[in-house]
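Student: Let me begin by handing over the structure; questions about it come next.
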């Protein structure tokens with residue numbers, strides 16, 4: 001049943017081509033825009049308050065990614081979330097580096113409190129830090145395993161009425177009703193910057209067509225990344241091949257290769 005829902009969500013993204021508004025970091029703008037296009041969605045990088053109210057009136061979902069945070073961006077992010085709330089749109093928060101500095105941690109928590117329809121997507125250390133627990137982080141990289149963050153994710157689900165996606169060696173999707181473990185992907189993927197941010201952007205695309213759990217995006221990126229790594233010689237070719245695999249991914253391949261369990 002869950003696999004069928006994932007394939008239906010992929011079809012819906014390609015048919016509806018939802019617009020995903022991204023307030024995201026300078027490092028990953030190109031990566032995430034290309035991934036959204038490859039999967040069939042429509043990306044826009046929008047950072048101006050002057051257009052945000054109009055943009056959110058017809059967008060499918062909003063990404064808030066705090067990777068290159070500064071004092072100019074914080075009020076823009078808050079305003080964008082307010083507009084998403086007004087128009088009943090999902091906000092996908094990527095708390096990049098949460099726990100690495102007090103500014104990042106405080107900002108991530110404030111955005112989470114503000115959003116009415118929220119999905120949080122982070123690595124294990126970010127999820128643990130956002131939940132006020134002690135995390136081991138090195139800049140924006142996780143030193144905690146995704147398994148260790150499940151309890152923190154369950155706290156965040158309750159605290160912010162959110163769904164939580166933990167990316168790592170295994171991915172976890174935690175909602176009010178279930179926890180799903182996904183075991184696709186490849187060890188080469190963390191060597192490409194912004195791979196987690198790509199998952200965040202794809203999560204917003206699928207949220208725009210109804211999957212507010214995050215499981216479809218995690219499934220699709222995991223399978224595509226796994227297949228891309230089988231052909232890649234290293235991180236550079238993986239990044240290029242991943243876009244091709246996202247573009248060519250079909251229901252049969254998903255059903256054959258996807259490895260997940262409800263726990």
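Numbering (UniProt numbering), first residue to last: 1 to 263.
In this text, a Cβ means the ideal position worked out from N, Cα and C, and glycines have one as well.
Bear in mind that the values here come from a model prediction, so they are computed numbers and not experimental data.
(1) Could you please give me the residues that DSSP links to residue 197 through a beta bridge?
(2) So, helix, strand or coil for residue 53, using DSSP?
(3) Out of 232, 239, 27 and 174, which has the shortest C-alpha to C-alpha gap to residue 212?
(4) Check residue 64 in the structure and name its three-state DSSP category.
(5) Which value, in whole angstroms, describes the spacing of the CA atoms of residue 27 and residue 181?
(6) Whole-angstrom Cβ separation of residue 273 and residue 111, contact assumed at under 8 Å?
(7) Less than 9 Å separating the beta-carbons of residue 31 and residue 193?
(8) Taking only the alpha-carbon atoms, compute the straight-line gap between residue 125 and residue 243 and give it to the nearest angstrom.
(9) Taking the alpha carbon of residue 22 as the reference point, which residue from 153, 45 and 197 has its own alpha carbon closest?
(10) Check whether the Cβ atoms of residue 219 and residue 6 sit closer than 9 Å, and answer yes or no.
(11) Kindly indicate which three-state DSSP category residue 123 falls into: helix, strand or coil?
(12) My guess is that residue 245 and residue 228 are in contact by the Cβ rule of under 8 Å, so how many angstroms apart are they, rounded?
(13) Contact between the stretch 8 to 21 and the stretch 50 to 61 is defined here as three or more beta-carbon pairs at a separation below 8 Å; is this criterion met?
(14) Near residue 155, what residues of its chain come up, given a Cβ to Cβ distance below 7 Å and the 5 sequence neighbours on each side ignored?
(15) Locate the alpha helix (DSSP H) running through residue 77, then write down its first and last residues.
(16) Quick one: grab the DSSP three-state call for residue 164.
(17) Spatial neighbours of residue 85 within its chain, please: CB distance less than 6 Å, with the 5 preceding and 5 following residues excluded, ordered by chain position.
(18) Determine the DSSP secondary structure at residue 22, reduced to helix, strand or coil.
(19) For residue 51, which of 66, 42, 34 and 77 has the nearest alpha-carbon?
(20) Measure the alpha-carbon distance for residue 137 versus residue 100 and round it to whole angstroms.
(21) Considering only the beta carbon of each residue, do residue 188 and residue 122 sit closer than 9 Å?
(22) Quick check on residue 263: buried or exposed, where buried means 16 or more other Cβ atoms within 10 Å of its Cβ?
Tutor: This is what the structure holds:
(1) Numbered from its first residue, the chain shown carries residue 197 at position 197. Looking at the DSSP assignment, residue 197 forms no beta bridge with any residue, so it has no partner.
(2) Position 53 of the chain shown, counted from the first residue, corresponds to residue 53. Helix.
(3) To locate residue 212, count along the chain shown from 1; it is residue 212. If we check each option's Cα against that of residue 212, 174 comes out closest.
(4) Here residue 64 corresponds to residue number 64 of the chain shown, with the count starting at 1. DSSP places residue 64 in strand when its eight states are reduced to three.
(5) Residue numbering aside, residue 27 sits at position 27 when the chain shown is read from its first letter. Residue numbering aside, residue 181 sits at position 181 when the chain shown is read from its first letter. Distance between the alpha carbons of residue 27 and residue 181: 28 Å.
(6) Residue 273 is absent from the structure shown; the chain starts at 1 and stops at 263.
(7) By 1-based counting over the chain shown, the position of residue 31 is 31. By 1-based counting over the chain shown, the position of residue 193 is 193. Yes, the Cβ-Cβ distance between residue 31 and residue 193 is below 9 Å.
(8) As a first step, residue 125 must be located in the chain shown, where it is residue number 125. As a first step, residue 243 must be located in the chain shown, where it is residue number 243. For residue 125 and residue 243, the distance between alpha carbons rounds to 27 Å.
(9) Counted from its first residue, the chain shown places residue 22 at position 22. Answer by Cα proximity: 45.
(10) Locating residue 219 in the chain shown gives position 219, counting from the first residue. Locating residue 6 in the chain shown gives position 6, counting from the first residue. Yes.
(11) Here residue 123 refers to the residue found at position 123 of the chain shown. In the structure shown, residue 123 sits in a strand (DSSP, three-state: E or B).
(12) Your numbering for residue 245 matches position 245 in the chain shown. Your numbering for residue 228 matches position 228 in the chain shown. Indeed, because the Cβ distance is near 5 Å, the residues count as touching under 8 Å.
(13) yes
(14) Here residue 155 corresponds to residue number 155 of the chain shown, with the count starting at 1. Contacts found: 131.
(15) Here residue 77 refers to the residue found at position 77 of the chain shown. It spans 73 to 86 - the alpha helix (DSSP H) in which residue 77 sits, taken as one unbroken run.
(16) What you label residue 164 is simply residue 164 of the chain shown in a count that begins at 1. Residue state, collapsed to three classes: strand.
(17) What you label residue 85 is simply residue 85 of the chain shown in a count that begins at 1. A distance below 6 Å between beta-carbons, with the five flanking residues on each side excluded, links residue 85 to the following residues of its chain, in chain order: 116.
(18) By one-based count along the chain shown, residue 22 stands at place 22. Three-state result, residue 22: strand.
(19) Start at 1 with the first residue of the chain shown, and residue 51 comes out as number 51. Closest by alpha carbon: 77.
(20) As a working note, residue 137 is residue 137 in the chain shown. As a working note, residue 100 is residue 100 in the chain shown. Below a pLDDT of 50, predicted positions are generally treated as unreliable, and residue 137, at 48, falls in that range; the measurement from the model is reported next regardless. Distance between the alpha carbons of residue 137 and residue 100: 7 Å.
(21) Translated into the one-based positions of the chain shown, residue 188 becomes position 188. Translated into the one-based positions of the chain shown, residue 122 becomes position 122. No.
(22) What you label residue 263 is simply residue 263 of the chain shown in a count that begins at 1. When all chains shown are included, residue 263 counts as exposed.
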